[in-house]
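Peer 1: Numbering (full-length UniProt numbering), first residue to last: 1 to 185.
Once you've had a glance at the structure underneath, I'll fire off some questions.
Below, the structure written as structure tokens:
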């Protein structure tokens, strides 16, 4: 019994994200978003480093941010190389970092939830509401990160199936090619 792979269809609805965009366009948007986020974090951290030089905790935090920035450069480079050159294996470092960040955001959200409940039950401090707001923000970041992860995971599978499909067996012809072909006859 031979197992024949179905023809690759780049216009399959599973490669369309919720915004109506193709999965590769969504992956580019996620990569742009991460680049902007990294630049903003470095700018904010450098401003914080100049103003908070008296606090050893802030200095430690800013050093960690700068070190993580230099660790992020190769990961974002792999992401961009994988997207632009259509190499799915270059998306793996980004996917691994996203899973790690999902775990860390989830643990931080649970810790904020525990602190908020503890403060509200004991009524020690009125800052319990602040911890609830932090927890809601962390939950939002978790959901956003999960959405970005699903976009990049689907882009990985798109590139993988595209690469593994035999050439010339694409099921649907793109709209622009259909017009061109129709214009010839």
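No residue lacks a Cβ here, since even glycine has one placed at the ideal position from N, Cα and C.
Can you tell which of 132, 143, 105 has the C-alpha that lies nearest to the C-alpha of residue 118?
Peer 2: If we check each option's Cα against that of residue 118, 132 comes out closest.
Peer 1: When we look at the beta-carbon of residue 63 and count the other beta-carbons within 10 Å, is it buried (16 or more) or exposed?
Peer 2: That one is exposed.
Peer 1: Would the stretch 102–111 and the stretch 78–89 be scored as touching if the rule is three or more Cβ pairs under 8 Å?
Peer 2: The stretch 102–111, when compared against the stretch 78–89, does not touch it at the 8 Å Cβ threshold.
Peer 1: Please tell me whether residue 95 and residue 35 are closer than 8 Å, where the distance is taken between their beta carbons.
Peer 2: No.
Peer 1: Would you kindly work out how many angstroms separate the C-alpha atoms of residue 154 and residue 69, rounded to a whole number?
Peer 2: The alpha-carbon atoms of residue 154 and residue 69 are separated by roughly 26 Å.
Peer 1: Please state if the CB of residue 8 and the CB of residue 161 are separated by a distance shorter than 8 Å.
Peer 2: Contact: yes.
Peer 1: Short check: CB of residue 97 to CB of residue 138, under 8 Å?
Peer 2: The answer is no: Cβ separation not under 8 Å.
Peer 1: Of the residues 114, 74, 103, which one's Cα is nearest the Cα of residue 38?
Peer 2: Out of 114, 74, 103, 74 has the C-alpha closest to the C-alpha of residue 38.
Peer 1: Between the Cα of residue 99 and the Cα atoms of 47, 66, 152, which residue gives the shortest distance?
Peer 2: Among 47, 66, 152, the Cα nearest to that of residue 99 belongs to 152.
Peer 1: Comparing C-alpha positions only, which one of 142, 43, 115, 78 sits nearest to residue 66?
Peer 2: It is 43 whose Cα lies nearest to the Cα of residue 66.
Peer 1: Tell me which residues share the same chain as residue 148 and place their Cβ nearer than 6 Å to its Cβ, disregarding the 5 neighbours each side in the sequence.
Peer 2: Around residue 148: 30.
Peer 1: Within 10 angstroms of the Cβ of residue 26, are there 16 or more other Cβ atoms? Answer buried if so, exposed if not.
Peer 2: Residue 26 comes out buried.
Peer 1: For residue 45, count neighbouring C-beta atoms within 10 Å of its own C-beta (all shown protein chains included) and say buried if the count is 16 or more, exposed if not.
Peer 2: Burial call: buried.
Peer 1: Measuring only the C-alpha atoms, how far is residue 165 from residue 103?
Peer 2: If I take the Cα positions, the gap works out to 34 Å.
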